[in-house]
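If you read the sequences in order, they're chains A and B.
So the first sequence is residues 0 to 179, counted in numbering that gives the first Met the number 0.
So the second sequence is residues 0 to 556, counted in numbering that gives the first Met the number 0.
Accompanying notes for the structure given below.
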Amino acid sequence: MAITPPEQRVWWNEPVEKTEVLWVTIALVWALVMFFMMPYWHFAGEQNLSNEAYRVKPDAYLAKVEASAEKHKVREEGTTGIPVVRPPVGGDAYLLGRQFQWWPVLELKKGATYRLHMSSMDVQHGFSLLPENINIQVHPEYEMILKVTPTRSGSYGILCNEYCGTGHHIMTGKIYVTDN
Amino acid sequence: MAEFRTCPETGLKVDLAAEKLIKWNAVTSVVFLLVGGLFGLLVALTRWPEVHLLGADLYYLVLTGHGLDILLVWVIFFEMVLLYFTSAILLNARLVAPTLGWVQYGLMLVGAAITNVAVLQGDSSVMFTSYVPLKAAPHFYLGIILFAVGALIGCGIFFATLVTAKKEKTFEGSMPLVTFGAMVAAIIAVFTIATGAVILIPTLLWSAGIIPHIDSLLYKVVWWGMGHSSQQINVSAHIACWYGIAAILFGAKPLSEKVSRMAFFLYILFLQLASAHHLLVEPGLSSEYKIFNTSYALYMAVLGSMIHGLTVPGSVEAAMRKKGYNKGLFEWLRKAPWGNPVFSGMAISVVTFGFLGGISGVVIGTEQLNLIMHNTMYVPGHFHTTVGSGTTLAFMAMAYWAVPTLWQRELFAPGLAKWAPYLFGLGVSFVGVFQMGAGTLGAPRRHWDMTLADATIGYDLPAASFLMMGMNGVAALAASLGGAIFILNMVGTILIGKRKTAAAAPAPAAPAPAGVSGHGEGVSVPGTFVLAIIFLITFVLYYFVNWKYLASVWPLS
Ligand SMILES: [Cu+2]
């Protein structure tokens with residue numbers, strides 16, 4: 000029994016049941032399939048997370064985001080005073096997370112590929128783009144760059160899904176994707 | 000000199016000092032299960048959209064307490080019970096250094112209390128993960144460190160007891176498989192606690208203002224070396240419980256010692272790698288690192304779990320078939336004691352841990368698939384089916400046998416206990432399923448208000464995700480009821496259970512069937528194999544459905 004010492008002193012030499020051999024083989028093959036799916040997707044798939052990230056001081060990042068917003072601002076979002084920024088097609092789009100807001104609102108063009116920069120001013124935040132359900136962790140002092148290609152036009156919500164303080168649940172943002 | 004008694008039910012020689020430690024650790028674990036469980040119920044009632052019980056501040060406070068008391072305090076106190084039981088008692092040995100055992104108990108109790116106080120004071124609502132630079136009060140970290148040091152001492156006593164038992168020849172040959180499983184858990188625990196010290200001590204100093212800065216990414220990499228491995232202690236420990244229960248109820252033997260022990264051994268070699276499961280969408284870590292690390296190098300630890308998934312029910316099937324339940328594929332399963340909470344708890348634990356916890360864990364831990372689930376409700380969905388209906392239910396099942404046996408009392412309310420594993424196990428399983436569903440629809444975890452009513456820029460989550468969170472609340476109520484019956488039974492048995500008479504019922508451990516010598520005698524386990532194939536098909540289908548879902552989101556690189 001499993002709660003008593005093995006009956007055979009040398010249990011190592013006991014023959015293994017056929018069913019077990021078969022199952023171990025099947026499980027091993029499946030484990031290998033799952034393993035190779037990940038490198039395979041790097042070549043065949045289009046959703047792979049960027050390996051591009053830089054160290055950045057929060058102030059320096061804020062300056063970059065504000066400069067971009069000033070240059071490419073097209074309007075404000077409703078009465079919120081938050082700028083709607085239309086970055087150059089195929090160019091750099093900047094987004095920052097801070098307690099408790101995603102800033103600014105971005106307007107992207109469908110089918111174009113952008114370099115989306117993300118960083119945090121304070122603590123960790125969670126970038127959750129809905130309804131796509133793309134979820135990325137955003138750290139302070141790290142600027143991550145992600146090449147994204149919006150494939151459907153419409154308005155998208157950004158939620159914070161990493162707990163970041165008492166206002167965590169009001170931390171939202173927005174991305175518009177336009178046809179032209 | 001150690002004093003012993005002989006257990007009338009099992010014939011085991013019980014070291015009285017070990018027994019006392021087991022009792023105190025067991026009682027304390029159940030108290031924290033009660034506290035953590037109540038916190039959990041409050042969380043579920045707040046995330047039930049129509050109820051939305053607590054205010055935001057209290058919700059984040061209670062959520063932090065729920066994670067700490069269940070994921071850490073309850074399970075590790077219970078694991079101390081298992082360490083003392085599987086070493087001293089199963090090996091008929093004396094527990095080494097029982098006085099040090101009280102230091103283990105004291106440190107863990109004081110540590111858990113301090114951290115709970117820090118959380119209840121309200122300025123440490125940083126969640127179980129306490130990611131820097133979000134800061135908790137210094138004593139929040141101090142309590143966890145004391146708790147961990149206590150657990151480390153418990154592991155040391157366990158190892159010393161193994162060595163002494165071997166030296167004093169209190170058992171013949173190799174240690175029992177259950178003890179081997181507990182040893183694997185203890186080895187992983189030592190790595191885990193060392194990693195925890197590496198990160199939590201500097202974090203304590205940072206919180207106290209002595210160290211100015213901790214890198215948020217570095218913190219997270221090291222923290223998960225502790226955070227993930229701590230859950231692998233649970234996996235090894237609860238699988239040891241599965242084997243133990245199969246042996247106690249059915250006299251089951253492992254199909255082969257070699258395969259089962261190798262499967263445990265894979266955990267030692269590969270589980271430590273798994274920490275990057277939690278870092279798949281982090282900046283600054285390479286894809287190569289993520290792939291190697293999350294797959295535990297070629298998914299070798301997953302292989303270990305898949306092997307146990309066959310060998311545990313397989314050993315039950317073999318034992319039942321030897322008793323003559325040989326008709327068809329599943330007579331052995333139909334005729335199993337489904338009204339006994341020890342068995343039903345174990346069976347539900349095996350099935351839900353495999354089908355829900357295991358499959359979702361691999362999916363969520365796949366480098367690219369993680370992108371569509373990271374930090375959504377899918378994540379708590381996953382760990383409620385691993386730590387909840389997996390580990391916690393397995394421990395409960397063990398306790399339904401161990402508490403009446405150790406205290407020499409009848410179970411307090413056996414009629415109610417019959418229902419508890421179903422209410423708790425299925426309740427928590429559905430909690431997991433609904434949370435995974437809500438997460439797939441984008442509902443964020445750790446979030447107080449899905450309606451985003453106060454946000455400057457609103458967003459409407461799908462109505463179905465609100466429905467799922469409502470159902471989550473209902474399932475959590477069922478689970479709470481099952482948990483309450485468990486606690487009532489434990490407390491009732493200990494305090495006012497009827498004393499067992501000396502001539503108690505015969506040993507529940509059935510004697511080994513006649514003429515058994517090792518395993519070549521070919522009891523095949525076709526029923527278990529069919530179940531395993533059903534599991535595999537579910538796994539494969541669900542895995543590729545998620546790749547398909549991933550392929551439909553925005554291209555990114
Ligand atoms: Cu945030």
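Using N, Cα and C, we set each Cβ at its ideal position, and we do this for glycine too.
Computed from a predicted structure; not experimentally measured.
{"Check": "Opposing strand residues paired with M467 of chain B [DSSP bridges]", "Outcome": "DSSP lists no partner for M467 of chain B."}
{"Check": "Contact with chain B by D58 of chain A, beta-carbon distance below 9 Å", "Outcome": "no"}
{"Check": "Cβ pair count under 8 Å reaching 3, the region 347 to 355 of chain B against the region 386 to 396 of chain B", "Outcome": "yes"}
{"Check": "Distance cut-off 8 Å: V122 of chain A Cβ against heavy atoms of ligand 1", "Outcome": "yes"}
{"Check": "CB contact flag (F126 of chain A, L94 of chain A, <9 Å)", "Outcome": "yes"}
{"Check": "Cβ of D121 of chain A within 9 Å of any chain B Cβ", "Outcome": "yes"}
{"Check": "Alpha-carbon to alpha-carbon, E256 of chain B and T537 of chain B", "Outcome": "28 Å"}
{"Check": "For K108 of chain A, the first and last residue of its enclosing beta strand (DSSP E)", "Outcome": "V104 to K108"}
{"Check": "Residues in the region 31 to 42 of chain A having any Cβ partner in chain B nearer than 8 Å", "Outcome": "L31, M33, F34, M36, M37, P38, W40 and H41"}
{"Check": "Beta bridge counterpart(s) of L128 of chain A as assigned by DSSP", "Outcome": "A:I133 and A:I157"}
{"Check": "Beta-carbon proximity of L440 of chain B to A463 of chain B, cut-off 9 Å", "Outcome": "yes"}
{"Check": "Under the three-state DSSP convention, the category T177 of chain A falls into", "Outcome": "strand"}
{"Check": "For A92 of chain A, the residue or residues it bridges with in DSSP", "Outcome": "A:L115"}
{"Check": "Partners in chain B for G172 of chain A, counting only beta-carbon separations shorter than 7 Å", "Outcome": "I456"}
{"Check": "Pairwise C-alpha distance: V432 of chain B and V544 of chain B", "Outcome": "16 Å"}
{"Check": "Residues bridged to K12 of chain B [DSSP beta-bridge criterion]", "Outcome": "B:T5"}
{"Check": "Completely contained beta strand (DSSP E) runs for the region 2 to 90 of chain A, where each covers 3 or more residues", "Outcome": "51 to 54, 72 to 75 and 82 to 84"}
{"Check": "Contact under 9 Å by Cβ, D91 of chain A with S67 of chain A", "Outcome": "yes"}
{"Check": "C-alpha distance - D121 of chain A paired with P403 of chain B, whole-angstrom precision", "Outcome": "53 Å"}
{"Check": "heavy atom of ligand 1 below 8 Å from F99 of chain A C-beta", "Outcome": "yes"}
{"Check": "Close beta carbons around T559 of chain B, own chain, < 6 Å, minus the five adjacent residues each side", "Outcome": "Past the edges of chain B, shown from 0 to 556, lies residue 559 of chain B, and the structure says nothing about it."}
{"Check": "Length of the line joining the Cα atoms of T169 of chain B and A16 of chain B", "Outcome": "17 Å"}
{"Check": "Pairwise C-alpha distance: I358 of chain B and H373 of chain B", "Outcome": "16 Å"}
{"Check": "Alpha-carbon to alpha-carbon, E49 of chain B and C163 of chain A", "Outcome": "25 Å"}
{"Check": "Nearest-angstrom Cα separation, counted from K547 of chain B out to V341 of chain B", "Outcome": "40 Å"}
{"Check": "Sufficient close CB pairs (3 or more, under 8 Å) joining the region 24 to 37 of chain B to the region 414 to 429 of chain B", "Outcome": "no"}
{"Check": "Helix, strand or coil at V539 of chain B [DSSP, three-state]", "Outcome": "helix"}
{"Check": "Residue interval of the alpha helix (DSSP H) (run including E409 of chain B)", "Outcome": "Run containing E409 of chain B: none; DSSP gives neither H nor E here."}
{"Check": "Distance between beta carbons of E366 of chain B and M33 of chain A, contact taken as under 8 Å", "Outcome": "Not a contact, Cβ separation roughly 11 Å."}
{"Check": "Test: I267 of chain B CB closer than 9 Å to a CB of chain A", "Outcome": "no"}
{"Check": "Backbone secondary structure at K559 of chain B - three-state DSSP", "Outcome": "Coverage of chain B is limited to positions 0 through 556, which leaves residue 559 of chain B absent and any answer about it impossible."}
{"Check": "Proximal residues of chain B, C-beta to C-beta of K183 of chain A below 8 Å", "Outcome": "Shown here, chain A extends from 0 to 179; a query on residue 183 of chain A therefore has no answer."}
{"Check": "Residues within the region 121 to 152 of chain B neighbouring chain E, beta-carbon criterion of under 7 Å", "Outcome": "You won't find chain E in this structure, because its protein chains are A and B."}
{"Check": "DSSP beta-bridge partners of L145 of chain A", "Outcome": "A:L115"}
{"Check": "Nearest-angstrom Cβ-Cβ length linking T63 of chain B and S123 of chain B, presumed shorter than 8 Å", "Outcome": "7 Å"}
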